[in-house]
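The numbering used here puts the first residue of the sequence shown at 1384, with every later residue one more than the last.
Where a beta carbon is used, it is the ideal one built from N, C-alpha and C, also for glycine.
All figures in this text were calculated on a predicted structure; none of them were measured in a lab.
Let me begin by presenting the structure, written as C-alpha cells, before commenting on it.
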Amino acid sequence: MDKLENIWHGQLTADSFGKLKSLFITECRNLVTVFPWNVLERFQRLELYLGRCDSVQEIYQLEGFNVEANVVAAFELRDLSVCSLESLKHVWSKDPQGVFTFQSLISIRVYGCEVLKNLFPTSMAEGLLQLEQLQIENHCGVEEIVAKAEGVELAPYFFKFPQPTFLELSNLPDLRSFYPGTYTCEWQKLRRLDIYDCPKVMKFAYQQLDSKDQKHPNSTTFLFVGKVSPNLEELTLESENLTATQLGQLPFDCFSKLKVLTLRALRNESRPFLLCFLERLCYLEEVIVCSGSLEELFSHGGFVGEEERAKTLARVKTLHLTAVHNLKHIWKQDSQVEPFFNIFRL
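Below, the structure is given as C-alpha cells:
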C-alpha cells in the first residue's frame, strides 16, 4: 500500500469503528500520521501494531485538539507495538497534560525507530499505573525515556511504576538518561531487568530516598535513580556494570531472589568483580554468558573466599555459553569451584 497517505478522510461519524479492538498497519510507505487530532476520540479501545511505515512521523497527533471544548478522553489502549519506523519522531506529538490519558496501557514495545528521541511525555509517564512490560530496543535513537516537561522548570520528579514485571532497554547507542532532570523512580514488582548495549550511561544509582538529607545523583550519569523490586528474578549485566563503582551502587537485597543471570561482553578484568557479585546470589540457578573476551569464567586462583563462592555456584543447574570464543576454562583443574557443580546443561 505504498500510495496510501491517509487512513481516515474527514470527520468520522459518532458510530464509526466503535467496536474496533485491534489495528495492524504495515508497509504503508507514504503514511505520515496514524491518528490525526480530529479522529482521536473514535479510537479509545485498541491494540495497535505499527511496522515498516517509512514516512510515519507521529502516531497520535495532539496539536489542534480543542482542550477547552472537550472533556478528558481516557484511552483504553492496552498493547502498543511500534516497529521499524525510520521517520518516527513522536508517539504522542506533545504532552497531553491530562486531556488524554492512557492509563490502561499494559505492554509497550518499540524497536528500530532511529530518529525517535524519547518515548513518553512527562504526564504520560506519571500515569502508567497498569504498565507491565516495556521494551525499547534495536537501534532506536532514544536519548531519554521520558521527555522534558513542557513550559516548566525541571523539578525533582517521582515516577512510580507499580505493575511492571519486565523491562528491557537494549542496543540504544544514544540513550543518556531516564529523564533529563532531577528525578527518582520506583519499580515495585519488577522481576526481569535486561539493560545492555547502552554505552553512554551507567545503569544504576540507588540511595535511601527516605532520608532527610536526600540527594539526587546526576541523571545524566545514571540511568536508574531509585528503588527496584526485591523480587527481581532475572538480570542482564555487562562488563561495565561489574566494576567497583557500579557494584558499590547496588543494594544487594534487590538480588536476594535472583535465579537467572545473563552476562554480556565480559572481559578478563571483570572477573574479580563478577566473583564478588556471585557470592551474594543465594538462589542462582542459571547463568548465561553471551560474547566477550573472557578466558576463564569462575575460578580465580588464590582468591580469598573461593570456597564460599563455590558453594554459591553449587546451586547453578544450567550454564549457557554463546559466542565466548576466547574462553579457555570454565574453571581450572585445581580450582575449588569444580567439585561444587552438580548439574550442567551447556
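Once DSSP output is grouped into helix, strand and coil, what is the label at Q1597?
The residue labelled residue 1597 in the question sits at position 214 within the sequence shown. Unreliable placement is indicated for Q1597, whose pLDDT of 43 sits below 50; no coordinate value is reported for it.
Between which two residues does the alpha helix (DSSP H) containing S1506 stretch?
For this step, residue 1506 is matched to residue 123 along the sequence shown. DSSP places S1506 in the uninterrupted alpha helix (DSSP H) bounded by T1505 to A1508.
Taking just the CA atoms, how far does V1482 sit from L1445?
Within the sequence shown, numbered from 1, the residue matching residue 1445 stands at position 62. Within the sequence shown, numbered from 1, the residue matching residue 1482 stands at position 99. A straight line joining the alpha-carbon of L1445 with that of V1482 spans about 10 Å.
Determine the extent of the alpha helix (DSSP H) in which C1659 is found, giving its start and end residues.
What you label residue 1659 is simply residue 276 of the sequence shown in a count that begins at 1. Element bounds for C1659: R1654 to L1661.
Looking at the structure shown, is V1422 part of a helix, part of a strand, or coil, going by DSSP?
Reading the sequence shown from its first residue, position 39 is the one you call residue 1422. Look at V1422 here: in three-state DSSP terms it is helix.
Give the straight-line distance between the Cα atoms of V1699 and E1617, rounded to the nearest whole angstrom.
Indexing the sequence shown from 1 puts residue 1699 at position 316. Indexing the sequence shown from 1 puts residue 1617 at position 234. Straight-line Cα distance between these residues: approximately 14 Å.
Given K1531, which residues of its chain have a CB within under 6 Å of its CB, disregarding the five upstream and five downstream residues?
The residue labelled residue 1531 in the question sits at position 148 within the sequence shown. The answer, listed in chain order, is P1563.
Smallest Cα separation from I1489: which of L1514, P1479, N1501 and V1498?
Your numbering for residue 1489 matches position 106 in the sequence shown. It is L1514.
Among T1645, S1405 and Q1518, which one has its Cα closest to the Cα of I1671?
If you number the sequence shown from 1, residue 1671 lands on position 288. The option with the nearest alpha carbon to I1671 is T1645.
Helix, strand or coil, according to DSSP, for C1581 in the structure here?
Locating residue 1581 in the sequence shown gives position 198, counting from the first residue. If DSSP states are grouped into helix, strand and coil, C1581 belongs with coil.
Which residues in the same chain have their Cβ closer than 6 Å to the Cβ of L1431, if we skip the five residues on either side of it in sequence?
Along the sequence shown, read from residue 1 onward, the residue named residue 1431 stands at position 48. Apart from sequence neighbours up to five positions away, the residues of its chain that approach L1431 with a beta-carbon distance below 6 Å are L1406 and L1463, ordered along the chain.
Contacting residues, own chain, Cβ-Cβ under 7 Å from T1484 (five flanking each side not counted):
Here residue 1484 refers to the residue found at position 101 of the sequence shown. Within the same chain, T1484 has close Cβ partners V1455, A1457, F1458 and G1510.
State the start and end residues of the unbroken beta strand (DSSP E) segment that holds C1673.
Taking the sequence shown and counting its residues from 1, the one referred to as residue 1673 is at position 290. If you look at C1673, you'll find it in the beta strand (DSSP E) that goes E1669 to G1675.
Entirely within the region 1513-1546 and at least 3 residues each: give me those beta strand (DSSP E) ranges in chain order.
Taking only runs of at least 3 residues, the beta strand (DSSP E) segments lying wholly in the region 1513-1546 are 1516-1520 and 1540-1544.
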